[in-house]
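Here is the structure we will look at.
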Amino acid sequence: MESSSSWALIVMASLAALAFLSKLLPFKSHRLKFPPGPKPWPIIGNLNLKGSHPPKSLHILAQKYGPIMQLKFGSFPVVVASSAEMAKEFLKTHDHVFASRPKSAAGKYLSYNHHNITWAPAGPYWRQGRKIFLSELFNSKRLESYQYIRVEEMRAFLSRLCTLSEKPVVLKDHLFRFTLSSMSRIIFSKKYVSDESKYETSIVSPEEFQAMIEELFLLNGVFNIGDWIPWLNFLDLQGYVKQMKALKKKFDRFLDHVFNEHKKKMEGVKDFVPMDTVDILLQLANDPNIDVKLTYDSIKALTQDLLAGGVDTSVTIMEWAMAELLKQPPLIKKATEELDRVVSTTLANMLHGFYWKLPDNMNCEDLSMDEVYGLATSLKFPLIAVMEPRLPLHLY
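With our numbering, the residue at position 212 of the sequence shown is 201, and numbering never jumps.
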């Protein structure tokens, strides 16, 4: 007993001595150094510094804390790189570490539980989805086979614009209809979305589908408080989760209708030859040799990727380009001279086919270039423009 008590005293004395010495001696710390940044508040962290215009708010903070800084948004640390050198470290040197997006309500409800390319974590599934897009859907042979669709829809687009000459038009609506018609024929082989009576398979109008796509991009980019403070998620304080669930039901209804028609077309056909993107995805889902099994949700998510990316992103780029040209009229002449070299096909046809100007009651200085943030950065106010044919009418 005495021996045990002696050993216990020796151990306790040794620990006390080590603790005392650790305070006196300059031991080298192995703690990792974090980037500088503002001190976070309890619970909300630095969310109070985000402001209504996050890029500007972060720029102001970067001027104070440097090109790399750490913030805390709710429960999660956030590192902000604001110089080319720091961005290269994240986007190139250490890309494999930072490639995945964090889990979110948008990824769960709008991307079929993170099954599209945008929200899927970096890994075997993401690599396979990217491979499918590059090798099966976007290879040069397949893109060439869709050329006639793009030509036909472009002619129809220019013809519609010609009928509206000298009238102010909301350009975004016409660009959306053009790109949606083109993508529908490429992805589905027909216009499931149309306001023309000859297309009996239409289940939503272009206006309804445009609203769906715009809401999809908006909700993918909203700041949902539950994503950053998870224990508040069940309250859905901003109502975003409710909106996401309702929008998902609309896409489910549309995509289920499309896939059911394609499945019926494929049933009982030996050596079926795929005619469009959905045919290819359905065939890959039944391929036993594919690396990662494609589920029904996977096909929905990848199809939604193509629709949203092919339609809204293209429309946003064209609207911004036209807004810049109309704000600086001399650029239109310069762009017209450079059509074949640097301007996209859609913009080239628009500039080649029409003279463009702002409505009579607007000056260049009145054109707003304000932004609205979502998955893509769009013009806050839709561009309204007036066009006049510059070619003989029989060419439209």
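Note that the Cβ used here is the ideal one computed from N, Cα and C, for glycine as well. Here the structure is a predicted model, which is why all the values come from computation and not from measurement.
Query                                                                                                                                                      : Result
Measuring only the C-alpha atoms, how far is Ala235 from Asn249?                                                                                           : 21 Å
So the candidates are Ser303, Phe65, Cys353; which of them puts its Cα closest to the Cα of Thr335?                                                        : Ser303
For the beta strand (DSSP E) containing Trp30, list its first residue and its last residue.                                                                : Per DSSP, Trp30 belongs to no beta strand (DSSP E) and is neither H nor E.
Any contact between the segment 275 to 283 and the segment 80 to 94? By contact I mean 3 or more CB pairs, one from each, below 8 Å.                       : no
If you pair each beta-carbon of the segment 365 to 375 with each one of the segment 295 to 315, do three or more pairs fall below 8 Å?                     : yes
Once the 5 residues before and after Cys353 are set aside, which same chain residues still bring their CB inside 6 Å of it?                                : Lys316
Below 8 Å on the Cβ atoms is my contact criterion, and I expect Tyr54 with Lys289 to pass it. Report the Cβ-Cβ distance as a whole number of Å.            : Incorrect: roughly 42 Å between the Cβ atoms, too far for contact.
With DSSP as the reference, label Glu72 as helix, strand or coil.                                                                                          : Residue identity differs from the one stated: residue 72 is Ser in this sequence, not Glu. Coil at Ser72, not helix or strand.
Throw me the rounded Cβ distance for the His251 and Asp268 pair, which I believe falls under 8 Å.                                                          : 6 Å
Measure from the alpha carbon of Phe122 to the alpha carbon of each residue in Gly40, Lys28, Asn338, Thr292, then state which is nearest.                  : Thr292
What does a CB cutoff of less than 8 Å around Glu360 pick up in its chain, not counting 5 residues either side in sequence?                                : Thr366, Ser367, Leu368, Lys369
Going by C-alpha distance, which of Leu50, Trp115, Asn128, Phe343 is nearest Asp294?                                                                       : Trp115
Quick one: Cα of Glu125 to Cα of Asp280, how far?                                                                                                          : 15 Å
By how many angstroms is the C-alpha of Ile57 removed from the C-alpha of Met376?                                                                          : 47 Å
Tell me whether Gln136 sits in a helix, a strand or coil according to DSSP, three-state version.                                                           : helix
On the DSSP bridge assignment, give the partners of Leu60 in chain order.                                                                                  : Val67
Let's see if you can read the secondary structure: which residues bound the alpha helix (DSSP H) around Tyr114?                                            : 113 to 120
At 4 residues or longer, what runs of the alpha helix (DSSP H) sit wholly inside the segment 255 to 326?                                                   : 266 to 274, 285 to 316, 319 to 326
In this structure, how does DSSP classify Glu389 when only helix, strand and coil are distinguished?                                                       : The displayed coordinates of the chain run from -10 to 385. Any statement about residue 389 would go beyond what the structure contains.
What span of residues does the beta strand (DSSP E) with Val375 cover, start to end?                                                                       : 373 to 378
Pop quiz: Ile32 and Ile218 are said to be a contact at Cβ under 8 Å. What is the actual Cβ separation, rounded to whole angstroms?                         : 7 Å
Run the CB neighbour count on Ser134, radius 10 Å, all protein chains shown included, and call it buried at 16 or more, exposed below.                     : exposed
Between which two residues does the alpha helix (DSSP H) containing Tyr181 stretch?                                                                        : Unbroken run through Tyr181: none, as it is neither H nor E.
Sorted by chain position, which residues of the same chain lie with C-beta nearer than 7 Å to Leu10's C-beta, five sequence neighbours on each side aside? : Note that Leu10 scores 48 on pLDDT, short of 50, meaning its location in the model is unreliable; the coordinates nonetheless yield the value given after this. Closer than 7 Å at Cβ, skipping near neighbours: no residue.
Going along the chain, which residues of its own chain have a beta-carbon closer than 7 Å to the beta-carbon of Leu221, five neighbours each way excluded? : Ile214, Gly215
Between which two residues does the alpha helix (DSSP H) carrying Phe198 extend?                                                                           : 195 to 210
Can you tell me whether Tyr344 is buried or exposed, with buried defined as 16 or more other CB within 10 angstroms of its CB?                             : exposed
At which residues does the alpha helix (DSSP H) containing Lys39 begin and terminate?                                                                      : Lys39 -> no alpha helix (DSSP H), and no H or E assigned at all.
What do you get for Pro195, buried or exposed, if any count of 16 or more other CB atoms within 10 angstroms of its CB means buried?                       : buried
Thinking His163 and Leu147 are a contact (beta carbons under 8 Å), I'd like their distance in whole angstroms, please.                                     : That pair is no contact at about 10 Å.
Following the continuous beta strand (DSSP E) through Trp217, name the residue where it begins and the one where it ends.                                  : That residue, Trp217, is in no beta strand (DSSP E); its alpha helix (DSSP H) goes 214 to 217.
In three-state DSSP terms, what is Tyr344?                                                                                                                 : strand
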